[in-house]
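Scroll down for the structure; my scribbles are underneath it.
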Amino acid sequence: MTEPSAVPDDNSLDGLRQRLSRFAAARDWEPFHTPKNLAAALSVEAGELLEIFQWLTPDQSAAVMTDPDTAHRVRDEVADVLAYLLQFCTVTGVDPLAALAAKIDRNELRFPAPGRPDGPRRSD
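So the sequence shown is numbered by my numbering: it starts at 185 and just counts up by one.
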């Protein structure tokens, strides 16, 4: 039996984080990748994603991926948002999957499904 490789698949979350780190290092961008700068860049890219949907009706926004040009823009902006989020997590030491799992756990307690007494009700 062979041991699993210690190098993550480039398309895994860890692999993508490493690729982003190598990309930034090769260009000497690390000094600029501070938590503040990465959070700002993340916000800008999220705004660019929102811009695609800004004046669309609900029906138009639901069908946005049917237009190849718009779908390409959406995928690019999603990639930019994810890239900056992963870079932010790398710099701050946040495990994004663990953070998400913990947040879902808290939300399940704060907002139980209707008719289920398995958690406290929100009082505000």
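All C-beta atoms, glycine included, are put in the ideal place defined by N, C-alpha and C.
Where do the N-terminal and C-terminal ends of the alpha helix (DSSP H) with residue i fall, by residue?
{"i": "residue 232", "result": "219 to 237"}
{"i": "residue 250", "result": "From DSSP, residue 250 is part of no alpha helix (DSSP H); its letter is neither H nor E."}
{"i": "residue 207", "result": "197 to 210"}
Tell me the rounded alpha-carbon separation between residue i and residue j.
{"i": "residue 271", "j": "residue 284", "result": "16 Å"}
{"i": "residue 280", "j": "residue 266", "result": "11 Å"}
{"i": "residue 242", "j": "residue 248", "result": "10 Å"}
{"i": "residue 268", "j": "residue 202", "result": "13 Å"}
{"i": "residue 257", "j": "residue 236", "result": "8 Å"}
{"i": "residue 292", "j": "residue 207", "result": "38 Å"}
{"i": "residue 212", "j": "residue 205", "result": "10 Å"}
{"i": "residue 195", "j": "residue 231", "result": "25 Å"}
{"i": "residue 254", "j": "residue 225", "result": "22 Å"}
{"i": "residue 273", "j": "residue 200", "result": "12 Å"}
With residue i and residue j assumed to form a contact (beta carbons below 8 Å), what rounded beta-carbon distance in angstroms separates them?
{"i": "residue 219", "j": "residue 276", "result": "5 Å"}
{"i": "residue 262", "j": "residue 234", "result": "That belief does not hold up - the Cβ atoms of residue 262 and residue 234 are roughly 12 Å apart, past 8 Å."}
Quick one: what does DSSP say residue i is sitting in, helix, strand or coil?
{"i": "residue 258", "result": "helix"}
{"i": "residue 296", "result": "coil"}
{"i": "residue 269", "result": "helix"}
{"i": "residue 276", "result": "helix"}
{"i": "residue 243", "result": "helix"}
{"i": "residue 264", "result": "helix"}
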